[in-house]
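What follows is a set of notes on a single structure, which appears directly below.
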Amino acid sequence: MNPSSDAMPRMAASRSLHRAQKTIYRYCLGIVKTLSPEAAIQKFRSVLIQHIDNENPTVFRAVEELIWANNPEEFQHTLTRACYILINNWLAANNPDSITDLVRIFEDPAIQHSTLSHSLERLRGYLRRFLSSTQYQNLKLYAARYLEADQGHWTHRYTPYFLASQYTNPGNSQEERRIAKELADAWKSRFRLELTHYSARAGCPNAAESRNPTALGPAAVDLMKRVICQRTLFDYRDLASLFLKQTQDLTLKDFKVSLYRYLLHVSPGGPVLPALPTVLAKRLERCLQQTYPEYGSRVVDGALRLRTCNHVIELLTASRDGKPTEMFLKFVSEDAALTLIFMLLKLLLISPQSRAHLDAQIARLVEHYRHLPEKDCHWLIQFLETFQIAAVIHTDSKTQFNLVEVSQPTPLGTGERERIFAQTECPMTDEELRKLTAPRAFPKIRPQTDAF
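So the sequence shown is numbered by this note's numbering: it starts at 0 and just counts up by one.
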């Protein structure tokens, strides 16, 4: 049989499927642009969930084409992209509540039931497969901020890290990755702003008016002072800049030796951080020696530095299968969690592009312990909260934290001699902060103007 004669029907089927997908995308873009979110969701449900819409025969035939193409992967891709066409435009209109309504239509019990209609039966089979996919889990993740039921679980506080695992995944669509990135940035901005106001008002009569964005309670202020004090003794940004200058034109073998010394550098002026136990220091040195030995003679450029820092981050956090590494467990069990956090921050200061990778690694740690109750994860929560605070203080260029001496007793009679003073690039009024950090606040996103 002539191979070309067999290929032609496949090419024709592929073109037909592509036309059907384009029709569905245009339809979704049309309803989201012209209808209210409620009406658009109802149309979406009728066409792609219930398959009963007779108002638009062209779209109905396109869905039929998709159903009978016998290609579950393409169906899943089409459904996911259709969802993101709606989501993208709702976010641009600052209407994120509609995302939760869209997610809920997939909870329709009818999807789990059999039917006499062959088309509908096959459609429901595809939908059940979609409900088990990572694409659907991503949709639920984007809606998690607004689904009140999900906010009771302790892992909800760390949604930005799960978002990082989505926007760094090359297998996700461009829409998924962009939305995940902007959502994660919005969460971090909110945390930074609330932490700034809370710390600045700590010890003041109106302190109760500022929300504590951490899960540490009043202890957050003392922790911040400790972290700020560590930065005051030696500016880690200056140390990172010095390291980068001194390691220019080094081979990877020599770079790793310098990196080891850089990570173990102890600030002069006092033992604010405990010295790294010898067993951990030796283990770290061995791990660095085993990092990319095949590139030992290559001069380190930006790309190789990024790969090396990302690899060290993996050594210090979680393995590829999501389990915490031996190094991570040793750090937290040896009461050296704060030392580990500063090592991670030092890596970010010499390789800022590694932040997304570190966030994705933290998501793996949280996911590994997700099944445990909060009471059994206090040690991990303490680590995560401390990391978030230290990251704002040491790596965020928009806010500067300092300790100032208090000459007079505080109004609350706490006897504190030092207060936290925070400076931001763009100071805001309380009303502006309230609007920006409201639970429904959302990043402004460009609307989607075409389906492709």
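In this text, a Cβ means the ideal position worked out from N, Cα and C, and glycines have one as well.
Are residue i and residue j close, meaning C-beta to C-beta below 9 Å?
i	j	result
Tyr-235	Leu-314	no
Tyr-26	Ala-68	no
Phe-254	Arg-189	no
Glu-175	Asn-137	yes
His-112	Arg-369	no
Ile-178	Tyr-24	no
Ser-353	Ile-312	yes
Ala-163	Ile-392	no
Ser-198	Ala-214	no
Glu-72	Gln-20	no
Thr-385	Ala-335	no
Thr-33	Arg-191	no
Trp-186	Thr-154	no
Leu-101	Ile-40	yes
Phe-129	Gln-173	no
Ile-110	Arg-127	yes
Buried or exposed, going by whether 16 or more other CB atoms sit within 10 Å of the CB of residue i?
i	result
Pro-212	buried
Gln-422	exposed
Phe-420	exposed
Trp-452	Because residue 452 is not part of the residues shown, which for the chain are 0 to 451, the question remains open.
Val-459	Because the chain here runs from 0 to 451, residue 459 falls outside it and cannot be looked at.
Thr-22	buried
Pro-169	exposed
Ile-51	exposed
Arg-18	exposed
Give the secondary structure of residue i by DSSP, where H, G and I count as helix, E and B as strand, and everything else as coil.
i	result
Val-298	strand
Leu-305	helix
Ile-419	strand
Phe-317	In the sequence as displayed, the identity of residue 317 is Ala instead of Phe. Strand at Ala-317.
Pro-473	Residue numbering for the chain in the displayed model covers 0 to 451; residue 473 lies beyond these limits and cannot be assessed.
Thr-213	coil
Ser-15	helix
Thr-250	strand
His-485	Because the chain here runs from 0 to 451, residue 485 falls outside it and cannot be looked at.
His-155	helix
Ser-332	helix
Leu-115	coil
Asp-149	Because the pLDDT of Asp-149 is 47, which lies under 50, any placement of that residue in the model is unreliable, and the number read from its coordinates should be weighed accordingly. Asp-149 falls in the helix class under three-state DSSP.
Gln-289	coil
Leu-275	coil
His-393	helix
Glu-366	helix
Trp-186	helix
Ser-172	coil
Thr-167	coil
What residue does the beta strand (DSSP E) around residue i start on, and which one ends it?
i	result
Val-403	398–404
Just curious, the alpha helix (DSSP H) that residue i is in, first and last residue?
i	result
Pro-36	36–44
Leu-452	Within the shown structure, residues of the chain are numbered from 0 to 451, placing residue 452 beyond reach of any answer.
Ser-131	Counting along the chain, Ser-131 falls outside any alpha helix (DSSP H), and DSSP gives it neither H nor E.
Leu-241	235–245
Asn-87	71–91
Asp-100	96–103
Gln-49	It is not in any alpha helix (DSSP H) - Gln-49 carries neither H nor E in the DSSP assignment.
What is the C-beta distance between residue i and residue j, in whole angstroms, given that I count them as a contact (C-beta under 8 Å)?
i	j	result
Thr-307	Ala-317	At roughly 18 Å, the Cβ-Cβ gap does not stay under 8 Å, so Thr-307 and Ala-317 are not in contact.
Thr-338	Leu-275	6 Å
Gly-321	Arg-363	4 Å
Leu-258	Gly-295	Not a contact, Cβ separation roughly 13 Å.
Ala-142	Tyr-166	Not a contact, Cβ separation roughly 16 Å.
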